[in-house]
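In the numbering used here, each residue carries its 1-based index in the sequence shown increased by 1394.
Positions of the beta carbon are idealized from the N, C-alpha and C atoms, including for glycine.
Comments concern the structure below.
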Amino acid sequence: MVERTGANFPIGYSLKVPEDADKVGAYWEERRGIIHATNFIIDADKNVTQACFATGPIGRIVAVDALSSIRAAKRRKAQSR
């Protein structure tokens, strides 16, 4: 996946329903065998700082919002030092 996206961080895909969905607390749908959108922002210490679970297209974390949130968190952390 990294080769296709150019990402320098792990990306989860091809997860198993329901085993993997249950591990992260994601909504999943038995009828279609899918995991609904589940987005996490994880800090350098591997702590989940934000999570978004959606059963439709509204309420998902999009890249621009994730970057804005990450930048704001970095600014807050730098100011608290």
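Inter-residue spacing [alpha-carbon to alpha-carbon] between M1395 and I1405: Residue placement at M1395 cannot be trusted, given a pLDDT of 48 that sits under 50; what the coordinates show is reported in the next sentence. Taking the straight line joining both Cα atoms gives about 7 Å.
Can you name the start and end residues of the beta strand (DSSP E) that V1442 belongs to? V1442 to F1447
Quick one, are the C-beta atoms of I1455 and N1441 less than 7 Å apart? no
Since I1464 is in the alpha helix (DSSP H), which residue starts that stretch and which ends it? A1457 to Q1473
Is M1395 helix, strand or coil by DSSP? The pLDDT assigned to M1395 is 48, lower than 50, so where the model puts this residue is not dependable, and the model offers no usable value.
Which of helix, strand or coil does DSSP assign to E1413? helix
Based on Cα-Cα distance, which residue from E1424, G1427, P1451 and F1447 lies nearest to I1435? F1447
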